[in-house]
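Peer 1: Protein chains in written order, with the UniProt record's numbering: chain A, 1 to 249; chain B, 1 to 113.
Note that CB positions come from ideal geometry on N, CA and C, so glycine has one too.
(1) Give the range of the alpha helix (DSSP H) segment to which residue 235 of chain A is assigned.
(2) Determine the chain B residues that contact residue 164 of chain A at a beta-carbon separation under 7 Å, and present them in chain order.
(3) Indicate whether at least one CB of chain B lies closer than 9 Å to the CB of residue 247 of chain A.
(4) Take residue 244 of chain A and list the residues in its own chain whose beta-carbon comes closer than 8 Å to its own, dropping the five residues that flank it on each side.
(5) Shortest alpha-carbon distance to residue 188 of chain A belongs to which of A:205, A:147 and A:210?
(6) How is the alpha helix (DSSP H) around residue 154 of chain A delimited, first residue to last?
(7) Comparing C-alpha positions only, which one of B:80, B:85 and B:65 sits nearest to residue 136 of chain A?
(8) Determine the chain B residues that contact residue 155 of chain A at a beta-carbon separation under 8 Å, and present them in chain order.
(9) Distance, Cα to Cα, residue 114 of chain A vs residue 217 of chain A?
(10) In the stretch 25 to 56 of chain B, which residues sit with their C-beta less than 7 Å from some C-beta in chain D, listed in chain order?
(11) Could you give the distance in angstroms between the alpha-carbon of residue 44 of chain B and the alpha-carbon of residue 71 of chain B?
(12) Considering Cα atoms alone, identify which of B:75, B:38, B:54 and B:78 is closest to residue 63 of chain B.
(13) Using a Cβ cut-off of 9 Å (strictly closer), state whether residue 88 of chain B contacts chain A.
(14) Label residue 66 of chain A either buried or exposed according to how many other C-beta atoms from any shown protein chain fall within 10 Å of its C-beta, with 16 as the threshold for buried.
(15) For residue 109 of chain B, go through chain A and note every residue whose CB falls closer than 8 Å to its CB, in chain order.
(16) In angstroms, rounded to a whole number, what distance separates the CA positions of residue 237 of chain A and residue 231 of chain A?
(17) Beta strand (DSSP E) containing residue 26 of chain A: first to last residue?
(18) Does the structure place the stretch 146 to 164 of chain A close enough to the stretch 174 to 188 of chain A that three or more beta carbon pairs sit under 8 Å?
(19) By the criterion of Cβ-Cβ separation under 7 Å, what are the contact partners of residue 67 of chain B in chain A?
(20) In chain order, what residues of the same chain have a beta carbon less than 7 Å from the beta carbon of residue 106 of chain A, not counting five sequence neighbours either side?
(21) Taking only the alpha-carbon atoms, compute the straight-line gap between residue 211 of chain A and residue 90 of chain A and give it to the nearest angstrom.
(22) How many angstroms separate the CA atom of residue 240 of chain A from the CA atom of residue 107 of chain B?
(23) CB-CB under 8 Å to residue 84 of chain A, same chain, minus the five flanking residues each way: which ones, in chain order?
(24) Please report the straight-line C-alpha distance between residue 234 of chain A and residue 249 of chain A, rounded to a whole angstrom.
This is how it looks when you write it as C-alpha cells:
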C-alpha cells in the first residue's frame, strides 16, 4: 500500500457508456493534478456499460497504475453511485464533476479549464474551506455554446434560487465541486433530494451546518452543440425541487 | 489563464441560530406576517385610530408598489446578468487542443480503442 500523502484528492467518476470520453477525462485530470503536484486517485464507478467502458478503464489502470485508477462495478440505481464510490476513496478530499448526481459523467462534462483542480485546491488551502464550488456566474467563469434562451433560463432559475434559498453560493447547479471527505459524508447523510436538486440541497445544508464554502470560476463547455436539456419537463422539475427545498430547509 | 478571486464565505459562528432552524418558507411567512399585520394595523385601522391622511394614502397601495418594484428589480438583475454571462471561447479552444493532445498521448502510452 503506497503512502498516502496529506491532501490526497479522490475524484469520483460514475460512468455509463463513456468509452470515448473516459480516457479524455482521465487524461485531463491526471495531467493537471500531476502538474500541480497534487496526490490523487480517480475512482471509476461503472454501471455495467455494454460498450466497453470497463476495458478502456482497465487499460487506463495499466497506464496510470492501480494506485491512481480504481475501478468499481456498481449495478445499482445510479443515484447511489457516489455514496458507494466514496467508500473506496482514500483521499482527504473528494471531487465530484457532475451537476446531476443521478447521471454518469458525460460530455458535455464540465471542462473547467486545464488548471482548475490546481486552483480549486489552492482556494481550498487559502481559505481552509470545507467545500470549493465551481461557479459559471462569477469572475471569468462562463459557458460556451449556449444560446440566449438557455442563458436566460439559467440566469432566471439562479435568480429565483438566490431569492428563495439565499444559499450563499452563486451557482448551485454548476458541476465541479471539491469537498472534504467528512463534510461530504455528513452532507450525503442529511440530504434527501434526487438528481441535481440533491446537489443544491448539499450547499444549502452545508451553510446551515456552518461549513465554509469557497468559489472558483469555471467554464462549462458543451461539446455536443445544440444539446439542451431545458425542455418544459426539466423546468417543471427544477421548480418543484426548488420549492421543496424552500419548504424543507 | 489566471484564476479570479473566488468569494469565500465566512463561517457562521452560530450554526444553530434561529435562522438556521427555521425553514426558508417559515422565515418568509413570519416576515410577511409581521409586515402584513403592521401594514393592516395602520392602513386598515377603524376611523378612530387612523394615522393622518397623507400617511394613509401612501400606505394603502404600498404592498402593490413594493411588488412592482421587486418585479422591476428582478427583470433588471436577470437582464444584466444575462448580458454579462461570459462566453468561454478560449476554454472551448483549449479543450479541443487538449483532446488532440490526450488522444495522441494515450495512443503512445498504449491505449487501444
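Peer 2: The answer reads as follows:
(1) One-based indexing of the first chain puts residue 235 of chain A at position 235. Element bounds for residue 235 of chain A: 232 to 248.
(2) On the first chain, residue 164 of chain A is found 164 positions in, with the first residue counted as 1. Within chain B, the residues 24 have their CB atoms less than 7 Å from the CB of residue 164 of chain A, given in chain order.
(3) Counting from one through the first chain, the residue named residue 247 of chain A turns up at place 247. Chain B, which has a Cβ nearer than 9 Å to the Cβ of residue 247 of chain A, makes this yes.
(4) Residue mapping note: residue 244 of chain A aligns to position 244 of the first chain, counting from 1. Answer for residue 244 of chain A: 193 and 197, listed in chain order.
(5) Working through the first chain from its first residue, we reach residue 188 of chain A at position 188. Comparing Cα-Cα distances from residue 188 of chain A to each of A:205, A:147 and A:210, the minimum goes to A:205.
(6) In the first chain, the residue the question calls residue 154 of chain A occupies position 154. 148 to 165 is the span of the alpha helix (DSSP H), which, as asked, contains residue 154 of chain A.
(7) Counting from 1 along the first chain, the entry for residue 136 of chain A is found at position 136. Closest in C-alpha terms to residue 136 of chain A, from the list B:80, B:85 and B:65, comes B:85.
(8) Walking along the first chain from the start, residue 155 of chain A turns up at place 155. Neighbours of residue 155 of chain A on chain B, chain order: 78, 81, 82 and 85.
(9) Position 114 of the first chain, counted from the start, is the residue given in the question as residue 114 of chain A. Position 217 of the first chain, counted from the start, is the residue given in the question as residue 217 of chain A. Here residue 114 of chain A scores only 44 on pLDDT, less than 50, and its place in the model is too uncertain to base an answer on.
(10) No chain D appears in this structure, whose protein chains are A and B.
(11) Looking up residue 44 of chain B in the second chain gives position 44. Looking up residue 71 of chain B in the second chain gives position 71. Residue 44 of chain B and residue 71 of chain B have their C-alpha atoms spaced approximately 25 Å apart.
(12) As a first step, residue 63 of chain B is located in the second chain; it is residue number 63 there, counting from the start. Out of B:75, B:38, B:54 and B:78, B:38 has the C-alpha closest to the C-alpha of residue 63 of chain B.
(13) Sequence index remark: in the second chain, residue 88 of chain B carries index 88 (1-based). Yes, residue 88 of chain B counts as interfacial toward chain A.
(14) Along the first chain, one-based indexing puts residue 66 of chain A at 66. Counting Cβ neighbours within 10 Å, residue 66 of chain A comes out exposed, since fewer than 16 surround it.
(15) Translated into the one-based positions of the second chain, residue 109 of chain B becomes position 109. Around residue 109 of chain B, the beta-carbon contacts reaching into chain A at under 8 Å are 63.
(16) The sequence position of residue 237 of chain A within the first chain is 237, counting from 1. The sequence position of residue 231 of chain A within the first chain is 231, counting from 1. Across the structure, residue 237 of chain A and residue 231 of chain A are spaced so that their CA atoms are roughly 10 Å apart.
(17) Along the first chain, one-based indexing puts residue 26 of chain A at 26. Run containing residue 26 of chain A: none in the beta strand (DSSP E); it sits in the alpha helix (DSSP H), 21 to 35.
(18) Because the criterion of three Cβ pairs below 8 Å is not met, the stretch 174 to 188 of chain A and the stretch 146 to 164 of chain A do not touch.
(19) For the purposes of this step, residue 67 of chain B is taken as the residue at position 67 of the second chain. Contact note: residue 67 of chain B does not reach chain A at a C-beta cutoff of 7 Å; the least C-beta distance is about 13 Å.
(20) Here residue 106 of chain A is taken as the residue at index 106 of the first chain, counted from 1. Confidence is the limiting factor: at residue 106 of chain A the pLDDT is only 38, short of 50, which leaves the residue's position unreliable, though a coordinate-based value still follows. Closer than 7 Å at Cβ, skipping near neighbours: 18 and 21.
(21) Mapped onto the first chain, residue 211 of chain A falls at position 211. Mapped onto the first chain, residue 90 of chain A falls at position 90. The straight-line gap from Cα to Cα measures roughly 22 Å.
(22) Reading the first chain from its first residue, position 240 is the one you call residue 240 of chain A. Reading the second chain from its first residue, position 107 is the one you call residue 107 of chain B. In a straight line, the C-alpha of residue 240 of chain A is about 46 Å away from that of residue 107 of chain B.
(23) What you label residue 84 of chain A is simply residue 84 of the first chain in a count that begins at 1. Contacts found: 45, 72, 74 and 76.
(24) For the purposes of this step, residue 234 of chain A is taken as the residue at position 234 of the first chain. For the purposes of this step, residue 249 of chain A is taken as the residue at position 249 of the first chain. Rounded to the nearest angstrom, the two C-alpha atoms are 22 Å apart.
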